[in-house]
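K.L.:
Residue numbers (the numbering used here), protein chains in the order written: chain A, 1371 to 1863; chain B, 172 to 266; chain C, 636 to 1135.
Got a structure here, written out as structure tokens. Questions coming.
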Amino acid sequence: MTELTNLTISEARAKLKGREITAVELTDAYLSAIDAANGALNAYVTVTPDKAREMAKASDARLADGKGGPLEGIPLGVKDLFATRDIHTQACSHILDGFKPKYESTVTQNLWNHGAVMLGKLNMDEFAMGSSNESSYYGPSVNPWKAKGSDEKLVPGGSSGGSAAAVAAHLCAGATATDTGGSIRQPAAFTGTVGIKPTYGRCSRWGIVAYASSLDQAGPIARDVRDAAILLKSMASVDTKDTTSVDLPVPDYEASLGQSVKGMKIGIPKEYRIVGMPEEIEKLWQQGVEWLKDAGAEVVEISLPHTKYALPAYYIVAPAEASSNLARYDGVRYGLRVDGKDIADMYEKSRAAGFGKEVQRRIMIGTYVLSAGYYDAYYLKAQKVRTLIKRDFEEAFHAGVDAILAPITPSSAFAIGDKELAADPVKMYLQDVFTVTLNMAGLPGISVPAGLDHKGLPLGLQIIGKPFEEETLFKTAHVIEQAAGKFTPAKWW
Amino acid sequence: MSVDIATVKRVARLSRIAVSEDDLERMTGELNGILGFVELLSEVDVSGVEPMTSVTPITMRKRADAVTDGDKAADIVANAPNSDQNFFLVPKVVE
Amino acid sequence: MTLVDTRTPDPKRLIPGATGDWEIIIGMEVHAQVLSQSKLFSGASTEFGKAPNSNVSLVDAAMPGMLPVINEECVKQAVRTGLGLKAQINNRSIFDRKNYFYPDLPQGYQISQFKDPIVGEGKIIISLGPDRQGNFEDIEIGIERLHLEQDAGKSMHDQHPTMSYVDLNRSGVALMEIVSKPDMRSSDEAKAYMTKLRSIVRYLGTCDGNMDEGSMRADVNVSVRRPGEAFGTRCEIKNVNSIRFIGQAIEYEARRQIAILEDGGSIDQETRLFDPGKGETRSMRSKEDAHDYRYFPDPDLLPLEFDDAFVEALKSDLPELPDDKKARFVRELGLSVYDASVLVSEKAIADYFESVAEGRDGKTAANWVINDLLGALNKAGKGIEETPVSPAQLGGIIDLIKAETISGKIAKDLFEIVFNEGGDPAEIVESRGMKQVTDTGAIEKAVDDIIAANPDQVAKVKAKPTLAGWFVGQVMKSTGGKANPQAVQALVKAKLGIEE
């Protein structure tokens, strides 16, 4: 049975359609794999076997009738940030203790409408705040990759760490994830998987627990570029329930795979060559340039002068929005309530007990930067800087650049409980240095595995595109994937 | 700019998060670390720059005025820690 | 906002204190619930008085991941109201989050408009009077702004000894917050302002103005000063929900502040509540924290933008407003300012009046509507909407007078019958024999009978011709009021030989 879980979505899709395998068999294979692995990897916070088998059965019936949808019978994992009706939805936070929504997020509903099967809810940093999955109330998810000759447990990245770990360890065929500052792309890079953060407005935010509304965007994590294209096609939609959802038809992303990049102009932003960047990352980046050149693309150096301000601006905008978005967790309508002597005491005790340290930190920072006398100096300034960051990209694109190639992470996966990172929140924030600019500008970006470092750990490259030109990202990433190959961790769990 | 313990207390109060006296000092240090980091923005000249209001330049979609939702009080209070007759219950609020 | 003093201190509005005169400065923030089917950002109904949490969507309950989508009709209603206030309409406005914790505020923030409201400066003309000479005084009250925001839910405190009950039915209903400039100088002016504002929104159909149900409520800012000096420290009296209470609250609050100042004390800027039972204002205990609302643009929404054509289309559909109507009644129908003011006070009354006046004499119609109809309604404790006499019925009565089918006196009786029993006035006149007698033969006989029966009076009338009126009265009585009074009068005079 185990080989069933090795099928990519496109492979499984063909076998399901050809009735070579059934959705129930495929689902059972994943459920067994989860059973065997989750103790070690902690990728799932909830597994829904009954629901999964029921959905798979229905898929088989539809497949038998020749009525299967684009994802018919494909078992997926769902990040705990997505509301799933009557199923655990807690953003991996204690404050949402016991919360089972009476509604389904637009993105997951789209997937079920297309025939996908839900396996369960995936681990993540609490409220998507983190780069290591260590802020989860349910404990960290573990990276299926280990450094050569080491038994040290590594982080799968964050915040979509559970999604990345589950995809890399073949505990689901693909997974939903979200990206506010790099939360799809960084874990994808740490686990040798493909992750795409689409343009802001491409996937509906309705039913996704909000972290920072102007930055949050859903996207898939998958085993290869084709699977990511298949998943995004189903996740994306135009949603009248989300004011920021953009009214553009969803293209067939898969069709862009295999298209030539000949004559494309690829920009290399010089500001991404930061001080202290490991040589391996630099080399990988250069390798990416060569691959694209070999495929016929033209590579030019570009300047995005406000790059270094993206991260500090992000750490004003995101916490500010979060401080307000998380005000609804007050112990009144759902989730954790800790009794107090009066209403204010109840609020304070519930929120102190319900939110973890990192979440509290960001709420506090956000509250501070919005408070009287500081708004102009922090929030307003950061939003102006954001305009400049976006303008940098616009100018590059205006000058003829079709896509931008950049690193994703300053390093490969680090150890769980890394003392240096734990001691200084800002050091952890620097994980997002290459990814956060896109969120600030609303642009799409894809993370594609490009090689292994000296420790044998995966590293990724990032391709950044123009708004709503995800197809360009898929075809370019596909070229890199073809050149670099795919990377699967050796099973130790 | 940096914050002192009194400011952290005030911010915690505004955030409705109980912070113990022991944690105040640690939090103050952490917040100052972050504020020090974002201080980098002070070197950016933003004169004449409009703040970003929406990342995608689209016009706001509007709803027609029709009743399309409601009549699901049981769902609304389904997850409530304390409810009675479809009301949410909270410790008494005194005006 | 910088406060500009637009008024010259007027001695007749000053309040005498122990140490000299004081002037009251009043500004108001009125919250008016927008008339719409569904809420500002959700599809739940706005209907009042439904079962707890039944008019609540997932958005209104601030479930995780829920998002607001704006109701276009609420935007239109705000623009209409702005146009009715002769205000500047802003083609681009921004929704902000106002952050604070309260159990009836599920999101932990209210979506409101802070720096860029949908409507800017405008004005309302209030009319005070009439004074003893019958004159009215028109005063312009400045409008600072109007913005759209969400209403909060409701907490009830008497169901349980230790718990409050929260119902979110009202949560998310659209409100217009209409902020005046501090241009009012007496409780009468404040009451007139609220009355006028209520009238305008009701004319426009943008708010039902129902203060009992909380559709309109006022936060009243009151300060006092020595005439001509700078503005004093103000107190805000929250959520006053009747026009009468607005007057009482201001009177109480002004005297409270004057007493403190005359004792050498100073006023603390604070939020106060009006207790209608005691007729007092008191400090709100729960507001221990200094507010810091941390406004910022709501990232779930986009700027609210529309073009001039959108505004023009709404403008062209705007109904005639009370001031214009009043002026037209005076100009075209020759009504007195007083009568016109009474008639335009409510759109339903004005509509009723216009329907009656259509094709008839305006002044006559006005007299009947004001004196008879409104009088009778008032006595019966009914509003114009519940009138048992339709404009067609009242018009019918007036027509019967004009055609001399009935006398004015009989008309009053007829009105009473129609008011109490209904029916077609002409048919009632016919069936009950109320028709005026114009047959001179019949009247002549009645006059002769009275003269013959009262020789003493006949003797007196020779010396005192004004006694002829007594004969007229007797004839009217004997004919059951149906004789034509002019004919009776002429015959009496002729028979008694009284010269004109």
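Yeah, the Cβ is synthetic: ideal placement off N, Cα and C, and Gly gets one too.
Predicted model, so just to flag it, every value in this text is computed and none were measured.
1. Between Gln-1730 of chain A and chain B, is any beta-carbon pair separated by less than 8 Å?
2. With a threshold of 8 Å, are at least 3 pairs of Cβ atoms found where one atom belongs to the region 645-663 of chain C and the other to the region 862-872 of chain C?
3. Flag this pair as touching only if the region 1526-1544 of chain A and the region 1497-1508 of chain A have three or more C-beta atom pairs under 8 Å; answer yes or no.
4. Determine whether the beta carbon atoms of Ile-1336 of chain A and Gly-1552 of chain A lie at a separation below 8 Å.
5. Taking C-beta pairs closer than 9 Å, name the residues in chain C that Trp-1482 of chain A reaches, listed in chain order.
6. By Cβ distance, which residues of its chain are closer than 7 Å to Pro-1060 of chain C, with the 5 residues on each side in sequence left out?
7. Determine the DSSP secondary structure at Pro-934 of chain C, reduced to helix, strand or coil.
8. Between which two residues does the alpha helix (DSSP H) carrying Lys-1128 of chain C extend?
9. By the DSSP assignment, the alpha helix (DSSP H) with Lys-1427 of chain A in it spans what residues?
10. Name the two residues that bound the continuous beta strand (DSSP E) containing Val-1818 of chain A.
11. Of the choices C:Met-701, C:Asp-898, C:Leu-718, whose alpha-carbon is the least far from that of Arg-1698 of chain A?
12. Let me know if Thr-1546 of chain A comes out buried or exposed under the rule of 16 or more other beta-carbons within 10 Å of its beta-carbon.
13. Could you say which of C:Met-819, C:Ile-895, C:Tyr-737, C:Pro-752 lies nearest to Thr-654 of chain C if we only look at CA atoms?
14. Using beta carbons (cut-off 8 Å, strictly below), is Tyr-1570 of chain A in contact with chain F?
15. For the alpha helix (DSSP H) holding Ser-692 of chain C, just list the boundary residues, first then last.
16. Assuming Thr-1805 of chain A is part of the beta strand (DSSP E), what are its boundary residues?
17. Could you tell me which residues DSSP puts in a beta bridge with Met-223 of chain B?
18. Considering Glu-779 of chain C, what are the terminal residues of the beta strand (DSSP E) in which it resides?
19. Rounded to whole angstroms, what is the Cα-Cα separation between Glu-1390 of chain A and Gln-1587 of chain A?
20. Report the option in C:Asp-731, C:Phe-941, C:Asp-943, C:Ser-680 whose CA atom is closest to the CA atom of Lys-243 of chain B.
21. Kindly confirm or deny that the region 901-913 of chain C and the region 882-892 of chain C touch, where touching means at least three C-beta pairs closer than 8 Å.
22. For a contact meaning CB atoms closer than 7 Å, what does Gly-1812 of chain A contact in chain B?
23. Strictly below 7 Å CB to CB, what residues from chain B border Pro-1619 of chain A?
24. State the DSSP-derived secondary structure class of Lys-674 of chain C, mapped to helix, strand or coil.
25. Going residue by residue through the region 1071-1114 of chain C, where are the continuous alpha helix (DSSP H) segments of at least 4 residues, counting only ones entirely within it?
26. Just the Cα atoms here: how many angstroms apart are Asn-980 of chain C and Leu-675 of chain C?
27. Against chain A, does Tyr-800 of chain C count as a neighbour if the rule is that its beta carbon must be under 8 Å from one of theirs?
28. Counting along the chain, where does the beta strand (DSSP E) carrying Ser-799 of chain C start and finish?
29. Please identify the residue among A:Glu-1671, A:Leu-1411, A:Ser-1741 whose C-alpha is closest to the C-alpha of Gly-1770 of chain A.
30. Anything in chain C within Cβ reach of Val-238 of chain B, meaning under 8 Å, just list it in chain order.
31. Would you tell me roughly how many angstroms separate the C-alpha atoms of Gly-1589 of chain A and Val-1564 of chain A, rounded to the nearest one?
32. At 7 Å on the CB atoms, spell out the chain A contacts of Glu-201 of chain B, in chain order.
33. Do Ser-673 of chain C and Asp-246 of chain B have their C-beta atoms closer together than 8 Å?
34. Confirm, please, whether the CB-CB distance from Lys-816 of chain C to Ser-759 of chain C is below 8 Å.
35. Name the DSSP beta bridge partners of Pro-1590 of chain A, please?
36. Go through its chain and collect everything with a Cβ distance to Lys-982 of chain C's Cβ below 7 Å, but skip five positions before and after it.
P.N.:
Reading it off the structure:
1. Gln-1730 of chain A has a beta carbon lying within less than 8 Å of a beta carbon in chain B.
2. Below 8 Å, enough C-beta pairs join the region 645-663 of chain C and the region 862-872 of chain C to call them touching: three or more.
3. Short answer: they touch.
4. In this structure chain A extends from 1371 to 1863, so residue 1336 of chain A is not present and cannot be described.
5. Within chain C, not a single residue places a beta-carbon under 9 Å from that of Trp-1482 of chain A; the smallest gap is close to 16 Å.
6. Cβ within range, chain order: Gln-1028, Gly-1031, Ile-1032, Leu-1035, Leu-1049, Val-1053.
7. Pro-934 of chain C falls in the coil class under three-state DSSP.
8. Taken as a continuous stretch (DSSP letters only), the alpha helix (DSSP H) holding Lys-1128 of chain C covers 1120-1131.
9. Per DSSP, Lys-1427 of chain A belongs to the alpha helix (DSSP H) from 1419-1434.
10. Note, Val-1818 of chain A: beta strand (DSSP E), 1815-1822.
11. Of C:Met-701, C:Asp-898, C:Leu-718, the residue nearest in Cα terms is C:Met-701.
12. Thr-1546 of chain A counts as buried, since at least 16 other C-beta atoms from the protein chains shown sit within 10 angstroms of its C-beta.
13. Nearest C-alpha to Thr-654 of chain C: C:Ile-895.
14. The structure shown contains no chain F; its protein chains are A, B and C.
15. Careful: Ser-692 of chain C lies outside any alpha helix (DSSP H) and carries neither H nor E.
16. No beta strand (DSSP E) contains Thr-1805 of chain A, which DSSP labels as neither H nor E.
17. Looking at the DSSP assignment, Met-223 of chain B forms no beta bridge with any residue, so it has no partner.
18. For Glu-779 of chain C, the enclosing beta strand (DSSP E) starts and ends at 772-785.
19. Straight-line measurement puts the Cα of Gln-1587 of chain A at about 36 Å from the Cα of Glu-1390 of chain A.
20. Minimum Cα distance to Lys-243 of chain B is reached at C:Ser-680.
21. Yes, since at least three Cβ pairs between the region 901-913 of chain C and the region 882-892 of chain C fall closer than 8 Å, the two stretches touch.
22. From the beta-carbon of Gly-1812 of chain A, the residues of chain B found nearer than 7 Å are Val-226, Thr-227.
23. Neighbours of Pro-1619 of chain A on chain B: none; closest Cβ ~15 Å, over 7 Å.
24. Look at Lys-674 of chain C here: in three-state DSSP terms it is coil, with no helix or strand label.
25. If one requires a minimum length of 4 residues, the alpha helix (DSSP H) runs lying completely within the region 1071-1114 of chain C are 1075-1088, 1090-1098, 1103-1113, in chain order.
26. Note that residue 980 of chain C is Ser in the sequence shown here, rather than Asn. Answer to the nearest angstrom: the Cα atoms are 29 Å apart.
27. The beta-carbon of Tyr-800 of chain C is placed no less than 8 Å from the nearest beta-carbon of chain A.
28. Counting along the chain, the beta strand (DSSP E) containing Ser-799 of chain C begins and ends at 798-802.
29. Of the residues A:Glu-1671, A:Leu-1411, A:Ser-1741, the one whose Cα lies closest to the Cα of Gly-1770 of chain A is A:Glu-1671.
30. What Val-238 of chain B touches in chain C: Gln-672, Ser-673, Gly-678, Ala-679, Ser-680.
31. Cα to Cα, Gly-1589 of chain A sits roughly 11 Å from Val-1564 of chain A.
32. Those within 7 Å of Glu-201 of chain B in chain A are Arg-1731, Pro-1795.
33. For Ser-673 of chain C and Asp-246 of chain B, no; Cβs fall outside 8 Å.
34. This sequence places Ile at residue 759 of chain C; Ser is not what is there. Cβ atoms of Ile-759 of chain C and Lys-816 of chain C: not closer than 8 Å.
35. In the DSSP output, where bridge partners are listed per residue, Pro-1590 of chain A has A:Thr-1546.
36. Around Lys-982 of chain C: Arg-837, Tyr-838.
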